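Engineer: Sharing a structure, written as structure tokens. Questions coming.
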Amino acid sequence: MSGEELQQRITNAIQAYRDEIDRTRREINEVESLLRQNMAEVDRLAMRETSIANRVRDLDVNLDRYEKTDIKTFFSTLIEVQMRLQTMRAQVDQLQARREALRNRQSLLSDVVELLEQAASELARSAKVADLPFDPQTMIANIIQSQESERLRISLQMHDGPAQAMSNLVLRAEICQRLLDRDLDQARAELVALKTAVNNTLQETRKFIFDLRPMTLDDLGLVPTLRRYVAQVAEKHKIDINLMVQNLDQRLPGHYEVTIFRFIQEAINNVVRHSGATQARVMLENSDNVLQILIEDNGNGFAVKEAIASAGTRKNMGLANMRQQIEVLLQGEFGIESSIGRGTRVAATVPLP
1 MSGEELQQRI TNAIQAYRDE IDRTRREINE VESLLRQNMA EVDRLAMRET
51 SIANRVRDLD VNLDRYEKTD IKTFFSTLIE VQMRLQTMRA QVDQLQARRE
101 ALRNRQSLLS DVVELLEQAA SELARSAKVA DLPFDPQTMI ANIIQSQESE
151 RLRISLQMHD GPAQAMSNLV LRAEICQRLL DRDLDQARAE LVALKTAVNN
201 TLQETRKFIF DLRPMTLDDL GLVPTLRRYV AQVAEKHKID INLMVQNLDQ
251 RLPGHYEVTI FRFIQEAINN VVRHSGATQA RVMLENSDNV LQILIEDNGN
301 GFAVKEAIAS AGTRKNMGLA NMRQQIEVLL QGEFGIESSI GRGTRVAATV
351 PLP
């Protein structure tokens, strides 16, 4: 099998799995809707059961006050409600199990798509870099290395972020526990502070989850997700970031939106971490079905040639990833301009489907 034939088969498989992920997502939404309805019905029936049970207990105490037909009605209604409640609870359990199975399937399919995309990326990059025979072992090794690098990055972020914050919360909770037996007023003050710390940790964890995989990307699309992300970065790092979007009202295919978001995210991360900039501009413009992307800042700048020459090293892996995202995954063009003391300009051109 030739490299082109293999590339086409991988592309077809990716699309098929994406379609299956979409179907699974729709089914999850339907199951969750049914689950909400059934849980509301369970709550209603439980309240009704409690009410009828109270009437039955009153009947048992004051039996002489009720007619025989009323007694029969109470007991038959109670049995009917209990049977209905039992049935609805069983349906809730089934729906929850179904939802969990669908979520596991969606996660598995997403992992398969990610693996296939990495395989296609490696195959395409190999074809562009050199006219060499396709080496599956090398491709798999590169995929595994890429996955491990990403897992290392996530584990470090977890250690420095949520895990550290959780450790601090445990210590503060222990302080509150000790104070309860000695100084209630101080304990109350510590509990208020602990509540604030928990809320801050929750917000930071949500931001961490958003950085890993923003749910709004699936629900609302690229532009709303970018607006939220840019606003968060600007507020957190005190950088004036201006986002401009023109002629991009329609949704793009899922893999386009994910790849473009990751590209811009990496560029903004570079601005925050390395540039020392106080201002940045992000622009997306759709012109004749070609998306122009521009990220520029007023930061320190850097020597482009040296950075490109070391793009494969750990220090400049982000630059290599950005080039791969645009040129390999989206078949576009990538460019970067910078010089010491004059800021940086990252540009990309992506043909839209």
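So the sequence shown is numbered by the UniProt record's numbering: it starts at 1 and just counts up by one.
Every residue gets a Cβ at the ideal spot worked out from N, C-alpha and C, and that includes glycine.
Just so it is clear, the structure is predicted and the values come from calculations on it, not from any experiment.
Going by DSSP in three states, Thr73 sits in which element: helix, strand or coil?
Structural biologist: helix
Engineer: Which residue marks the beginning of the alpha helix (DSSP H) containing Asn270, and which one marks its end?
Structural biologist: Segment 254 to 270, the alpha helix (DSSP H) holding Asn270.
Engineer: Assuming Leu85 contacts Ile52 (C-beta within less than 8 Å), just tell me the rounded distance between them.
Structural biologist: Actually they do not touch by this definition, with Cβ atoms about 11 Å apart.
Engineer: Taking all protein chains shown into account, decide if Met47 is buried (16 or more other Cβ within 10 angstroms of its Cβ) or exposed.
Structural biologist: exposed
Engineer: Quick check: Ser275 and Gly343, are their CB atoms within less than 9 Å of each other?
Structural biologist: Taking the C-beta atoms as reference points, Gly343 is found nearer than 9 Å to Ser275.
Engineer: Note the first and the last residue of the continuous beta strand (DSSP E) segment covering Asn242.
Structural biologist: Residues 240 to 246.
Engineer: Along the chain, where does the alpha helix (DSSP H) containing Asp183 start, and where does it finish?
Structural biologist: Premise fails: Asp183 is in no alpha helix (DSSP H) and is neither H nor E.
Engineer: Could you check the C-alpha separation between Gln292 and Arg89 for me, to the nearest Å?
Structural biologist: 53 Å
Engineer: Measure from the alpha carbon of Met166 to the alpha carbon of each residue in Phe263, Glu5, Lys195, Leu45, then state which is nearest.
Structural biologist: With distances taken between CA atoms, Met166 lies nearest to Lys195 out of Phe263, Glu5, Lys195, Leu45.
Engineer: May I have the straight-line CA-CA distance separating Asp93 from Met39, to the nearest angstrom?
Structural biologist: 10 Å
Engineer: Closer than 8 Å is the cut-off here; do at least three beta carbon pairs connect the region 226 to 236 with the region 326 to 337?
Structural biologist: Verdict: no, contact absent.
Engineer: With distance defined between alpha-carbon atoms, name the residue in Ile295, Arg273, Asn62, Val170 nearest to Thr201.
Structural biologist: Val170
Engineer: In whole angstroms, give me the CA-to-CA distance for Leu116 and Arg18.
Structural biologist: 11 Å
Engineer: How many angstroms separate the CA atom of Val129 from the CA atom of Lys305?
Structural biologist: Reliability fails at Val129, whose pLDDT of 43 lies under 50, so the model's placement of it is uncertain and the value that follows must be treated cautiously. Going by the C-alpha atoms only, they are around 18 Å apart.
Engineer: Give the C-beta separation of Leu284 and Leu248 to the nearest angstrom, bearing in mind that I take them to be a contact with Cβ-Cβ under 8 Å.
Structural biologist: 6 Å
Engineer: According to DSSP, is Val129 part of a helix, a strand, or is it coil?
Structural biologist: The predicted model places Val129 with a pLDDT of 43, which falls under 50 and marks its position as unreliable; any figure quoted below should be read in that light. If DSSP states are grouped into helix, strand and coil, Val129 belongs with the helices.
Engineer: Report buried or exposed for Gln324, applying the criterion of at least 16 other Cβ atoms within 10 angstroms of its Cβ.
Structural biologist: buried
Engineer: State yes or no: is the C-beta of Gln7 within less than 9 Å of the C-beta of Ala120?
Structural biologist: yes
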